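Participant: Just so you know, we're using the working numbering here: the sequence shown kicks off at 381 and counts up by one.
We treat Cβ as the ideally placed atom computed from N, Cα and C, and that holds for glycine.
Quantities reported herein were computed from a predicted structural model and do not represent experimental measurements.
Have a look at this one before I ask anything.
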Amino acid sequence: MEVNCEGCAGCCIDWRPLAAAPDRQDHERRGPHRPLDDTYNLVPLTRETVRRYCEEGLGDALVPRLWLAEDDHAVTIDGHQVAAVGGKPAFFVGLRKPPKPVAPFGIDGARWLRTCVFLDPATLQCRVHGSELYPTECAEYPGHNLVLDRETECERVEAAYGGDRLVDDEPPGSTAGLLLGPQALGEKVFVHPDPDSLDGVVQRAVTRGLTRADRAEFVATAAASAPGTTERSESHYERYRDLALGADSWVGQASRDWEALAGGVGTPVSTSVLGTTVEEDRGAPATPGWDAVE
Ligand code: SF4
Ligand code: SF4
């Protein structure tokens, strides 16, 4: 597997507003159910990574994902049939995607597009690449797709903008982060023990209106989960909930700044905003630029 990522970031940016094809709406679904939210390519994190984020004061970078289910494996909350395991709502934890001024694929001028909190909008490089905070899912992308013989984001970018993004499509020999089925429970898929306490929360998940407390509730539950079970350690839950609630990192601060500055999603970025260093001003680690990589 070999990819050409310079000037791309197609797997880090929700570039649907640039793409005419409506079939790009729901392509990278993981598992049988439709997500409750509309986030594109949410990167699911493992329990250990969620813990690490909390311990590094970055719990405010995280957001949960729940799913809809139309079968018996669902619990009704806020009028939505939420996918559940044994009556307990199931969820992932991923990285938030605030709108940022980005110009991927050589487009003519920057647009406001929902973008991973860790993508440097100027260089289109990942600020946590290669660090302990770098998600396994990102390190191995698009390896899981190649193993499962599913179209990759690299190929979608090629189809829309040309160029050679997926340079070598040989599936990788091993993919440590490819957790499927029961082994994902408590490692990457978590359950919330108390559906009654989620009244109002589920509706806010649908409308991108989750509060800091809502997000902390799921983050702490994931961090306190036990592998292979639906159990939650209450002492771990309390600890990680305090960490997530107290997080006030450059990520959370910059996300608020971007939300305040942004025009409508997909709209051109005004010249007064271009070149602003919102994230660096809040303490984000720099990216090296592409010359340093080659
Ligand atoms: S963590 Fe880095 S590689 Fe992964 S989606 Fe975010 S910016 Fe992209
Ligand atoms: S879509 Fe493919 S080529 Fe583009 S940044 Fe992601 S991995 Fe790299």
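For Ala624, does the three-state DSSP call read helix, strand or coil?
Facilitator: Position 244 of the sequence shown, counted from the start, is the residue given in the question as residue 624. Ala624 carries a helical assignment under DSSP once its states are collapsed to helix, strand and coil.
Participant: With ligand 1 as the reference, list in chain order each residue whose Cβ lies under 6 Å from any of its heavy atoms.
Facilitator: Cys392, Val423, Leu475, Cys496, Phe498, Leu499, Cys506, Val508, Pro515, Cys518
Participant: Expressed to the nearest angstrom, what Euclidean distance is found between the alpha-carbon atoms of Tyr433 and Gly439?
Facilitator: Counting from 1 along the sequence shown, the entry for residue 433 is found at position 53. Counting from 1 along the sequence shown, the entry for residue 439 is found at position 59. Answer to the nearest angstrom: the Cα atoms are 6 Å apart.
Participant: Going by DSSP, what residue range makes up the alpha helix (DSSP H) through His413?
Facilitator: Here residue 413 is taken as the residue at index 33 of the sequence shown, counted from 1. It is not in any alpha helix (DSSP H) - His413 carries neither H nor E in the DSSP assignment.
Participant: Tell me which same chain residues have a C-beta within less than 6 Å of the C-beta of Gly566, skipping the five on either side of it?
Facilitator: For the purposes of this step, residue 566 is taken as the residue at position 186 of the sequence shown. Excluding positions up to five away in sequence, the list reads Ser605, Ala606, Pro607, Gly608, Thr609.
Participant: Check whether the Cβ of Cys534 sits closer than 6 Å to any heavy atom of ligand 2, and report yes or no.
Facilitator: Numbered from its first residue, the sequence shown carries residue 534 at position 154. Under cutoff, so the answer is yes.
Participant: Between which two residues does the alpha helix (DSSP H) containing Arg662 stretch?
Facilitator: Looking up residue 662 in the sequence shown gives position 282. Where Arg662 is concerned, there is no enclosing alpha helix (DSSP H), given that its DSSP letter is neither H nor E.
Participant: Got a sec? Which residues, its chain only, sit under 7 Å from Val658 by beta carbon, not counting five neighbours each side?
Facilitator: Position 278 of the sequence shown, counted from the first residue, corresponds to residue 658. Only Ala634, Asp637, Trp638 meet the Cβ criterion.
Participant: Considering only residues of the same chain and omitting the five flanking positions on each side of Thr647, which have a CB-CB separation below 7 Å?
Facilitator: For this step, residue 647 is matched to residue 267 along the sequence shown. Contacts found: Arg491, Trp492.
Participant: Going by beta carbon distance, what residues of the same chain come within less than 7 Å of Pro515, once the five residues before and after it are set aside?
Facilitator: For the purposes of this step, residue 515 is identified with residue 135 of the sequence shown, where counting begins at 1. For Pro515, where only same-chain residues beyond five positions count, the Cβ hits under 7 Å are Val423, Leu425, Thr429.
Participant: Considering only heavy atoms of ligand 2, does any lie closer than 6 Å to the CB of Arg432?
Facilitator: Residue mapping note: residue 432 aligns to position 52 of the sequence shown, counting from 1. Incorrect: Arg432 has no Cβ contact closer than 6 Å to ligand 2.
Participant: I need the straight-line Cα distance from Leu528 to Cys518, nearest angstrom please.
Facilitator: Stepping through the sequence shown from its first residue, residue 528 is reached at position 148. Stepping through the sequence shown from its first residue, residue 518 is reached at position 138. Roughly 16 Å between the two C-alpha positions.
Participant: Is it true that the stretch 442 to 451 meets the stretch 464 to 471, where meeting means three or more beta-carbon pairs spaced less than 8 Å apart?
Facilitator: yes
Participant: Run the CB neighbour count on Ala640, radius 10 Å, all protein chains shown included, and call it buried at 16 or more, exposed below.
Facilitator: Here residue 640 refers to the residue found at position 260 of the sequence shown. Classification for Ala640: exposed.
Participant: Any idea what DSSP makes of Arg376, helix, strand or coil?
Facilitator: Within the shown structure, residues of the chain are numbered from 381 to 674, placing residue 376 beyond reach of any answer.
Participant: Confirm, please, whether the CB-CB distance from Thr667 to Arg507 is below 7 Å.
Facilitator: For the purposes of this step, residue 507 is taken as residue 127 along the sequence shown, with counting starting at 1. For the purposes of this step, residue 667 is taken as residue 287 along the sequence shown, with counting starting at 1. Cβ atoms of Arg507 and Thr667: closer than 7 Å.
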